[in-house]
Amino acid sequence: MAANQNQKNLFLALGVAVFLVLVISGYATINDLAGKQSQQHQQSISPVFALIENELTEPLHIAKTLGEIGVYDQYFRSEEPDKDALVTQLKGYQDAFGFQFYLAHDKSRKQFNSDGRVFDLIEGQIIWYFALKDETDSEIQAVLGQREDVHLYIDVRQYDDDGKFIGFAGVGKSLSDFLESFERFRGEYGHEFVFVNNRDEIVLSSISELSPAQAETATSGIGIKQLPELYWYDEFTEKSKDTVEPSVIVEAEEGDLLVSRLNLENLNWSLYILTPLNSRQQEVNQSFAIYVALGMVLILFAYKILYRIVDAYIDKVSSNMNQDPLTGLSNRKYGRMFFNRMRKRNRQIAVVVTDLDHFKRINDTYGHMAGDQVLKTISDCFSSVVKKQDLVVRWGGEEFAFILPDTDGEEAKELAEAARLAIERLEIHINESVNVKATASFGIYASRQYADTLDVMIERADRAMYRAKAEGKNRVLSGCEQTL
Numbered sequence: 000m001a002a003n004q005n006q007k008n009l010f011l012a013l014g015v016a017v018f019l020v021l022v023i024s025g026y027a028t029i030n031d032l033a034g035k036q037s038q039q040h041q042q043s044i045s046p047v048f049a050l051i052e053n054e055l056t057e058p059l060h061i062a063k064t065l066g067e068i069g070v071y072d073q074y075f076r077s078e079e080p081d082k083d084a085l086v087t088q089l090k091g092y093q094d095a096f097g098f099q100f101y102l103a104h105d106k107s108r109k110q111f112n113s114d115g116r117v118f119d120l121i122e123g124q125i126i127w128y129f130a131l132k133d134e135t136d137s138e139i140q141a142v143l144g145q146r147e148d149v150h151l152y153i154d155v156r157q158y159d160d161d162g163k164f165i166g167f168a169g170v171g172k173s174l175s176d177f178l179e180s181f182e183r184f185r186g187e188y189g190h191e192f193v194f195v196n197n198r199d200e201i202v203l204s205s206i207s208e209l210s211p212a213q214a215e216t217a218t219s220g221i222g223i224k225q226l227p228e229l230y231w232y233d234e235f236t237e238k239s240k241d242t243v244e245p246s247v248i249v250e251a252e253e254g255d256l257l258v259s260r261l262n263l264e265n266l267n268w269s270l271y272i273l274t275p276l277n278s279r280q281q282e283v284n285q286s287f288a289i290y291v292a293l294g295m296v297l298i299l300f301a302y303k304i305l306y307r308i309v310d311a312y313i314d315k316v317s318s319n320m321n322q323d324p325l326t327g328l329s330n331r332k333y334g335r336m337f338f339n340r341m342r343k344r345n346r347q348i349a350v351v352v353t354d355l356d357h358f359k360r361i362n363d364t365y366g367h368m369a370g371d372q373v374l375k376t377i378s379d380c381f382s383s384v385v386k387k388q389d390l391v392v393r394w395g396g397e398e399f400a401f402i403l404p405d406t407d408g409e410e411a412k413e414l415a416e417a418a419r420l421a422i423e424r425l426e427i428h429i430n431e432s433v434n435v436k437a438t439a440s441f442g443i444y445a446s447r448q449y450a451d452t453l454d455v456m457i458e459r460a461d462r463a464m465y466r467a468k469a470e471g472k473n474r475v476l477s478g479c480e481q482t483l
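427 is the number that numbering that gives the first Met the number 0 gives to position 428 of the sequence shown; each next residue is one higher, with no gaps.
As structure tokens, then:
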């Protein structure tokens with residue numbers, strides 16, 4: 000069902016993109032309102048998003064995709080990874096993509112790098128690892144590191160099949176590479192860029208004195224400046240209250256400054272574009288600000304749609320890599336990824352666990368081929384019962400799990416009862432002379448608590464399912480009253 004939703008999202012995104020193209024085409028008729036300054040600013044916007052795509056979004060998607068399709072699984076499963084094999088693989092990615100690659104391995108407490116370096120992850124010395132390990136609000140972090148040669152690292156959290164944290168895999172890019180790109184933009188367009196993280200720390204900037212400084216010694220920290228320190232920040236904040244993507248004219252001694260803010264949701268960052276306004280056009284400054292604000296909102300929508308399309312494609316690739324080969328349902332690993340993503344988006348979530356009754360008897364009587372046919376038929380039945388937003392997972396053997404976002408206990412019970420009745424009414428065709436009947440027992444658990452992990456919810460739903468079996472099978476029972 001998740002794959003169908005991704006396809007629907009793609010078509011919706013493409014439809015919106017076409018609509019935006021039409022809107023932007025019509026909007027071009029008012030281009031002369033802002034004159035030459037507006038034209039220069041508009042010309043700079045597309046390169047800005049090309050910069051974001053090439054310098055930030057591309058390494059983010061590479062890091063995310065490699066982690067999700069399981070290229071590092073064999074190393075994370077090992078207590079002590081094969082150093083030579085892992086470093087060689089990371090070096091191959093570095094040669095192919097042009098970024099540094101690394102893997103931080105929690106079991107061995109070692110970090111392996113594509114440049115051949117391998118070092119121990121020692122608490123108190125490798126500060127970033129232990130800080131991000133406990134920071135579970137985001138699966139992806141973009142942070143600065145390597146004191147002697149400052150790099151931007153995109154760190155992607157990794158989990159095993161049971162949802163346990165096992166380390167990080169990511170990419171790194173030298174800060175000097177960003178500064179070279181910024182210098183080209185500033186020379187051509189005269190605009191400055193300030194990238195800020197969710198802690199108001201300036202992590203990247205075209206203004207050299209704002210960029211994080213390299214450490215003078217191996218023990219000193221990276222010099223990071225704060226956004227509120229900038230002279231225009233207070234006025235910008237006051238004028239942009241209650242505005243999501245504002246463009247504000249700020250007064251300054253050397254001339255007015257147009258400050259535009261864009262939210263980069265995929266990194267949890269903000270981008271501030273600083274545009275000096277020409278004194279010859281002060282009379283159209285207000286109109287120019289309105290024009291730029293509308294234009295940037297439209298372009299931002301297009302950028303977000305592009306990101307959703309790429310993200311949906313990655314989800315589709317990941318889903319194919321994490322699919323149960325017999326039933327076509329998602330496997331346990333993908334189920335965990337889906338749950339973690341849905342838990343962040345939905346406060347309310349429900350889990351249904353179901354196990355086929357007397358399945359061993361079917362295998363023993365008709366053979367394992369018949370058992371496989373029963374599993375495939377019932378999987379199709381489950382997929383037809385759930386909503387498009389839901390996910391059905393083959394949890395193992397004849398046990399299945401439904402992950403139901405934005406669903407409370409009563410709704411989950413109704414869905415489970417519908418699935419139970421659908422199976423009860425099935426005539427499963429085995430061969431020309433044999434049709435079999437099957438039933439299943441269901442346990443449900445719903446929660447609004449973010450702390451309730453998938454393991455917790457599966458365990459409680461599992462208990463309810465076994466109670467259903469003990470009370471006669473072919474029934475639905477709740478794990479507990481819905482948690483509020």
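Glycine included, C-beta positions come from ideal geometry on N, C-alpha and C. In this text, all values refer to a predicted model and were calculated from it rather than measured experimentally.
| Check | Outcome |
| --- | --- |
| Measuring only the C-alpha atoms, how far is valine 195 from histidine 104? | 29 angstroms |
| When the Cα atoms are used, what is the spatial distance from alanine 33 to leucine 276? | For alanine 33, the predicted structure reports a pLDDT of 44, less than 50, and the residue's modelled location is therefore unreliable. A value from the coordinates is still provided. Looking at the two C-alpha atoms, the distance is approximately 11 angstroms. |
| Would you mind stating whether isoleucine 427 and threonine 438 have Cβ atoms separated by less than 8 angstroms? | no |
| Taking its Cβ as the centre, do 16 or more other Cβ atoms sit within 10 Å of valine 433, making it buried, or is it exposed? | exposed |
| With which residues is alanine 141 paired in a DSSP beta bridge? | Ile153 |
| So who's on the other strand from tryptophan 268, going by DSSP bridges? | Leu263 |
| Exposed or buried, which one is glutamine 225 when buried takes at least 16 other CB atoms within 10 Å? | exposed |
| Report buried or exposed for threonine 376, applying the criterion of at least 16 other Cβ atoms within 10 angstroms of its Cβ. | buried |
| Tell me the DSSP secondary structure of arginine 360 in three-state form. | helix |
| Under the three-state reduction of DSSP, which class applies to methionine 464: helix, strand or coil? | helix |
| Return helix, strand or coil for alanine 421, following the three-state DSSP convention. | helix |
| What is the DSSP secondary structure of phenylalanine 98, reduced to helix, strand or coil? | coil |
| By Cβ distance below 8 angstroms, which residues in the same chain neighbour methionine 464 in space, the five residues on each side in sequence not counted? | Val352, Thr353, Asp354, Ser440, Phe441, Gly442, Leu476 |
| Could you tell me if lysine 412 is buried or exposed, where buried requires 16 or more neighbouring beta carbons within 10 angstroms of its beta carbon? | buried |
| Would you decide whether aspartate 136 is buried or exposed? Buried here means 16 or more other CB atoms lie within 10 Å of its CB. | exposed |
| Report the partner residues of threonine 236 according to the DSSP bridge assignment. | None, per the DSSP bridge assignment. |
| If you measure from the beta carbon of glutamate 57 to each beta carbon in chain C, is any gap under 8 angstroms? | Checking the listed chains, one finds no chain C in this structure; it contains a single protein chain. |
| With a threshold of 16 other CB atoms inside 10 Å of the CB of isoleucine 348, please say whether the residue is buried or exposed. | buried |
| Less than 8 angstroms between the beta carbons of valine 350 and tyrosine 232, yes or no? | no |
| Nearest to glycine 408 by alpha carbon, out of Phe111, Gly478, Asp356? | Gly478 |
| Can you tell me which of Thr406, Gln388, His367, Phe358 puts its alpha carbon nearest to the alpha carbon of lysine 468? | Phe358 |
| Counting pairs of Cβ atoms below 8 angstroms between the segment 386–398 and the segment 327–337, do you hit three or more? | yes |
| Give the C-beta separation of alanine 417 and valine 373 to the nearest angstrom, bearing in mind that I take them to be a contact with Cβ-Cβ under 8 angstroms. | About 19 angstroms separates the two Cβ atoms, so there is no contact after all. |
| When we look at the beta-carbon of proline 58 and count the other beta-carbons within 10 Å, is it buried (16 or more) or exposed? | buried |
| Note down the Cα distance separating glutamate 228 from isoleucine 457, rounded to an integer number of angstroms. | 48 angstroms |
| What residue range does the alpha helix (DSSP H) around arginine 393 cover? | Premise fails: arginine 393 lies in the beta strand (DSSP E), 390–395, not in any alpha helix (DSSP H). |
| Output the distance between the C-alpha atoms of glycine 186 and phenylalanine 192, rounded to the nearest integer angstrom. | 13 angstroms |
| Kindly indicate which three-state DSSP category lysine 109 falls into: helix, strand or coil? | strand |
| Anyone know if the C-beta pair for serine 107 and lysine 90 falls short of 8 angstroms? | no |
| Just tell me which of Glu138, Gly115, Lys109, Glu134 has its CA closest to the CA of glutamine 124. | Lys109 |
| Would you kindly check if the distance between the Cβ of aspartate 161 and the Cβ of aspartate 454 is under 8 angstroms? | yes |
| Can you give me the start and stop residues for the alpha helix (DSSP H) that alanine 62 sits inside? | 57–67 |
| Report, in whole angstroms, the separation of the C-beta atoms of glycine 166 and leucine 151, which I expect to be a contact under 8 angstroms. | With 8 angstroms as the limit, glycine 166 and leucine 151 do not qualify as a contact, their Cβ atoms being about 19 angstroms apart. |
| Is the distance from the Cβ of isoleucine 429 to the Cβ of alanine 369 below 8 angstroms? | yes |
| Could you tell me the alpha carbon to alpha carbon distance between alanine 415 and lysine 472, rounded to whole angstroms? | 14 angstroms |
| Measure from the alpha carbon of alanine 95 to the alpha carbon of each residue in Leu65, Gly69, Glu179, Leu257, then state which is nearest. | Leu65 |
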